[in-house]
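Report on the structure given below.
Number of protein chains: 2
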Amino acid sequence: MLSQKAKYALKAMLALANQENGELLQAGDIAEQQNVPRKFLELILLELRKQGLVHSHRGKHGGYTLAKPADTITFGQIVRIMDGPLAPIPCASLTRYRRCVDCADEKACAIRRAMRQVRDSAAEILDGLTLEQARRGAAHAESLTT
Amino acid sequence: MLSQKAKYALKAMLALANQENGELLQAGDIAEQQNVPRKFLELILLELRKQGLVHSHRGKHGGYTLAKPADTITFGQIVRIMDGPLAPIPCASLTRYRRCVDCADEKACAIRRAMRQVRDSAAEILDGLTLEQARRGAAHAESLTT
DNA sequence: TTGTGTCTCTATCGACCCAGTCGATTATGA
DNA sequence: TCATAATCGACTGGGTCGATAGAGACACAA
């Protein structure tokens, strides 16, 4: 399951990606336009800043902006920061592998193999989708989707 | 994330699928051979029975057995029973769709589109994998995987 | 009929995490 | 210097997860 936190993070990042040539956007504005609890969003933005995905400016006319071009930031990065590994089970994770304590023979474990496949396909999708692509996609959405 | 419950359920079902022509297997034996807390496992088996995936027999020489052939039971069915929908987010679920309260335009939502893809690929993998296939796969595993 | 060994079912527990809030602090531009 | 916005830490209420306990129902054997 994707947590609310991750969903809000994606929303916020998309909002920032939609700004014309990197203009600042304030937490309050994002919260309002995206329907996200303001204080909670601040927490999220703080974390995104610590991970180097956004820059912040304080004081009057402060706000947030993407730290990198929108076509270099992927959904996968954001989700991993908020929710941890994509793999449904730690023993199937590449980024944060952890052995199953109750698993006798990992090589032969059918569950692990299946979850590895799930992880791989999720990673392919989410690591292959940038904010920029998502932003453009959204613009075309009305005509494409029935 | 796949819960422990779902993982144990898969283990138990695989253990049952490994029985020669539908012989009974007791909860205690499954618990021991699969390294699963016994009482917790009973709960799981109970739920699997209620959902019609296993049959049970009481009394001396009681136990559990698959309710259907192993090639008609998929990982997807089991995971959904234990953990609910495969989709990372309710608005991307086919089986249990629920609208996002904080989403203005669902059609244009990039997050939903991405999660729908993740769901679809997970469903393709898990609904396409039967206990029988997993069982056979496990047997070949040693030679195939390095 | 009695005993034994299963499954069945409800209740309960502690720990942990998620979502969200509060309030004080610090930095910044006007 | 003052209003405004980000920063940070503490905290909380609720819910879920993993697991356990124990009484009861049932099947079979002796």
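Line by line, the protein sequences are chains A and B.
Under our numbering, think of the first position of the first sequence as 5, with each following residue one higher.
Under our numbering, think of the first position of the second sequence as 5, with each following residue one higher.
Quick reminder that beta carbons are idealized off the backbone N, C-alpha and C, glycines included.
If you're wondering where the values come from, they're calculated on a predicted model, not measured in any experiment.
Backbone CA spacing between residue i and residue j [nearest angstrom]
i               : j               : result
Y68 of chain A  : L135 of chain A : 16 Å
R123 of chain B : N25 of chain A  : 34 Å
K11 of chain A  : H65 of chain B  : 51 Å
D131 of chain A : Q121 of chain B : 13 Å
C113 of chain A : C107 of chain A : 8 Å
I34 of chain B  : A19 of chain B  : 7 Å
L148 of chain A : A21 of chain A  : Because L148 of chain A sits at a pLDDT of 44, beneath the cut-off of 50, its placement in the model cannot be relied upon, and the following sentence gives the value as read from the coordinates. Near 22 Å, if we compare the C-alpha coordinates of A21 of chain A and L148 of chain A.
Q37 of chain B  : F79 of chain B  : 20 Å
I115 of chain B : A13 of chain A  : 11 Å
R100 of chain B : Q81 of chain B  : 14 Å
G88 of chain B  : P92 of chain A  : 14 Å
A74 of chain A  : R139 of chain A : 9 Å
P95 of chain B  : L133 of chain B : The sequence given here has Cys at residue 95 of chain B, not Pro. Spanning the two alpha carbons is a distance of roughly 25 Å.
E51 of chain B  : F44 of chain B  : 11 Å
S60 of chain B  : S7 of chain B   : 24 Å
E27 of chain A  : C104 of chain A : 47 Å
E110 of chain A : Q23 of chain B  : 21 Å
T55 of chain B  : Q55 of chain A  : Correcting the residue identity first, residue 55 of chain B is Gln in this sequence and not Thr. Taking the straight line joining both Cα atoms gives about 44 Å.
G176 of chain A : V83 of chain A  : Residue 176 of chain A lies beyond the residue range present for chain A, which begins at 5 and ends at 150; the question has no answer from this structure.
R53 of chain B  : R42 of chain B  : 16 Å
In DSSP terms, what residue i is bridged to
i              : result
G67 of chain A : A:H61
T78 of chain A : A:T134
L29 of chain B : B:Y68
Assumed close pair residue i, residue j - CB separation to whole angstroms, cut-off 8 Å
i               : j               : result
V40 of chain B  : K9 of chain B   : V40 of chain B to K9 of chain B, Cβ: 10 Å. No contact.
M17 of chain B  : M5 of chain A   : The pair is not a contact, with the Cβ atoms about 22 Å apart (cut-off 8 Å).
L125 of chain A : A126 of chain B : In the sequence on display, residue 125 of chain A carries Ser and not Leu. S125 of chain A to A126 of chain B, Cβ: 7 Å. Contact.
L57 of chain B  : A71 of chain B  : 6 Å
I129 of chain B : A31 of chain A  : Actually they are not in contact, since the Cβ atoms of I129 of chain B and A31 of chain A sit about 39 Å apart, beyond 8 Å.
Contact list for the stretch 118–131 of chain A against chain B, Cβ threshold 7 Å: A118, M119, Q121, V122, S125, A126, I129, L130
Give, in chain order, every residue of the stretch 6–20 of chain A whose Cβ lies closer than 8 Å to some Cβ of chain B. L6, K11, L14, K15, L18
Using a Cβ-Cβ cutoff of 7 Å, what residues of the stretch 89–101 of chain B are near chain A? List them in chain order. P92, I93
Give the residues from the stretch 24–48 of chain B that approach chain A closer than 8 Å (Cβ to any Cβ), ordered along the chain. Q38, N39, V40
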